[in-house]
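In UniProt numbering, the protein residues as written are 1 to 127.
Backbone N, C-alpha and C define an ideal beta-carbon position, used for all residues, glycine too.
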Amino acid sequence: MEITMERNISVEALNQRPTFDREVELVERKGLGHPDSISDGIAEAVSRELSKYYISHYGQILHHNTDQVEVVGGQSAPEFKGGDVLEPTYILLSGRATTSVDGKRIPFKSISIKADKGISPKEFQAS
């Protein structure tokens, strides 16, 4: 089986002083509780668990992409040392996964939910 892919790769010169030659470098760092970090963590966890399942059942990683995760903020009424969650955070995972092989269904939803539940509680803990 031969697979070919056409790639449109462009390389351009960087017309500025390289980062390692500068005195200061400004970067944006998003902590563990940031929605982007949570999304990335969930996407990785789901991909990892799907890959483990695919390898254990089929001997190879089957096609999937789980990098489309949205963390939609909820609502709270914070108080000193407490408060109430009025509306919980909503997590939307979309993407694609191989869902059956030779007519046998793969439990991709339960694998994804289990992976998400494994990461989310750690990320949402108050410190």
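When rounded, the separation of the alpha-carbon atoms in S56 and T99 is 15 Å. Counted as a single uninterrupted DSSP element, the beta strand (DSSP E) harbouring V71 occupies residues 64 to 72. Collapsing the DSSP output to three states places A115 in a helix. DSSP places K52 in the helix class (H, G or I) of the three-state scheme.
Of all alpha-carbon atoms in V69, Y53, E70, the one lying nearest the alpha-carbon of L62 is that of Y53. I111 is not a Cβ neighbour of L14, given a cutoff of 8 Å. For V46, the secondary structure class from DSSP, reduced to helix, strand or coil, is helix.
Membership of L86 in the beta strand (DSSP E) is indicated by the continuous run 82 to 87. Here the C-alpha atom of R17 lies approximately 12 Å from the C-alpha atom of V24. In terms of Cα proximity to G73, the closest of Y58, G33, G83, H64 is G33.
Spatial neighbours of L92 in its own chain (CB-CB distance under 6 Å, excluding positions within 5 residues in sequence) are listed in chain order as E70. In this structure, I113 is the residue among I113, G103, F108 with its C-alpha nearest to the C-alpha of Y90. Linking A43 to F108 through their CA atoms gives a straight-line distance of about 13 Å.
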